[in-house]
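Okay, so here's the structure we're looking at.
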Ligand code: ARG
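Residue numbers (the working numbering): 159 to 616.
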């Protein structure tokens, strides 16, 4: 039995029925759809478009349906195309003729826009909380390892010593921006489109502001055409999700490198690693690889929505249906990635002996040598040149910088004296970086404290 076919002589073929249906994706927005309908009925009652008794009947039926859905007992049928027609037909089974009143002054066009806004607002709140959990883990792991010194990298080449906790805090900052982006896009998502009808509003005495308030929206749509065709909020959600996912991927990649034998900076516990079906010794960071690997599909959904929107003429177009599955999938995948990353950050063990040894590579102090000369009055560029020559000389003579005699140093700058050997201490090097946002222990420890306070406010 096909729906909405009274004006047609032919039924839809099974192939086309299946093709136009969005029942599969809509399974995720049933609760949003029913909540929207409950508010709509309240508005219809206030506007006098249904009687209080009819409203009660409708609401009882809708609540029963919601309960069924939450128990996993309401599975949408593609014969009814989408969630909206599924709900309406099921409601008719439950409460009889009053179900025909539900769609008064409403179109599936404003309804689906409403459902997706409610869905995204709900998922965004979950994701923001999961980002905060991850930030909390980064802070705790940083605090627990506040003394751990490791090499910092640029171009994946050893650069200068820094604190492991400084790296953890750098990701706290990254995820602050991500949380902020979800918050920003929320402002434009929290706009109720209900009351826009198919695209021109309604000739009936409706009160869209009542539904907007009942559903806790911050704003009401300003133009009925825009209300039904705007999917910017989905694109913005997907952009915020994509960038978060890119950041998770970068963090995953960092951890994957750190847990190699070659680096040996961290170890993952057994419950965060998988093994090989062939090589019994293997302990692989598959969860991290999958966080990295899922990013492509997440970014792909953003591109999908942008390209879907690109070709659309003014008004509602069915193409918009294709913006739903990606948003639904991404909200699930991103939440899963965030949960796994939080477990990884909480579970990793820092191999502080290895990190200190790597951070004590004498070449990592070349910049400290430059600053040493600068504090003795040498101009920066001259100091840089002098140290570069010392570095080259040490390499040519297969001698670590820290073991070159002072006479060799003096060949390149007279300002060098015996105190130069004090420079080759990773902890001192780190603690000398007291400039704003630098890696000195006090700076990092204060930054982590502030970050924890910010989280408590969030
Ligand atoms: N299922 C559609 C969607 O997801 C909503 C239905 C609008 N259909 C229509 N023929 N106006 O966008």
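We put the CB at the ideal spot given by N, CA and C, even for glycine. In this text, all values refer to a predicted model and were calculated from it rather than measured experimentally.
Buried or exposed (CB count within 10 angstroms, at least 16 for buried), residue i
i	result
residue 547	exposed
residue 347	buried
residue 314	exposed
residue 197	buried
residue 206	exposed
residue 269	buried
residue 293	buried
residue 423	buried
residue 646	The question about residue 646 has no answer, for the chain in this structure spans 159 to 616.
residue 614	exposed
residue 605	buried
residue 572	exposed
residue 177	exposed
residue 436	exposed
residue 210	exposed
residue 159	Per-residue confidence for residue 159 stands at a pLDDT of 48, beneath the threshold of 50, marking its modelled position as unreliable; no derived number is given.
residue 361	exposed
Residue i: CB within 6 Å of a non-hydrogen atom of ligand 1
i	result
residue 244	no
residue 273	no
residue 478	yes
residue 267	yes
residue 195	no
residue 180	yes
residue 270	yes
residue 291	no
residue 390	no
residue 240	yes
Delimiting residues of the alpha helix (DSSP H) encompassing residue i
i	result
residue 269	266-302
residue 117	Residue coverage of the chain in this structure runs from 159 to 616, which leaves residue 117 outside it and unanswerable.
residue 520	Counting along the chain, residue 520 falls outside any alpha helix (DSSP H), and DSSP gives it neither H nor E.
residue 546	538-554
residue 479	No alpha helix (DSSP H) contains residue 479, which DSSP labels as neither H nor E.
residue 414	390-416
residue 588	584-589
residue 419	Where residue 419 is concerned, there is no enclosing alpha helix (DSSP H), given that its DSSP letter is neither H nor E.
residue 177	172-178
residue 462	444-468
Opening and closing residue of the beta strand (DSSP E) in which residue i lies
i	result
residue 312	307-312
residue 319	315-321
Pick from the options that is closest to residue i, judged by C-alpha positions
i	options	result
residue 381	336, 359 and 182	359
residue 366	272, 571 and 177	272
residue 280	408, 240 and 392	392
residue 432	578, 483, 446 and 422	446
residue 417	512, 492 and 356	512
residue 383	390, 357 and 405	357
residue 187	482, 328, 419 and 300	482
residue 453	442, 411 and 581	411
residue 351	339, 596 and 266	266
residue 429	597, 444 and 419	444
residue 261	247, 251 and 521	247
residue 240	599, 166 and 476	476
residue 194	335, 209 and 375	375
residue 369	563, 276 and 287	276
Residue i at chain C interface by Cβ criterion, 7 Å
i	result
residue 316	No chain C appears in this structure, which consists of one protein chain only.
At 4 residues or longer, what runs of the alpha helix (DSSP H) sit wholly inside the stretch 358-386?
366-372
Every unbroken alpha helix (DSSP H) within the stretch 224-267, with a cutoff of 4 residues, ordered by chain:
241-253
Taking only runs that begin and end inside the stretch 185-231, name each unbroken alpha helix (DSSP H) of 4 or more residues, in chain order.
188-204 and 210-228
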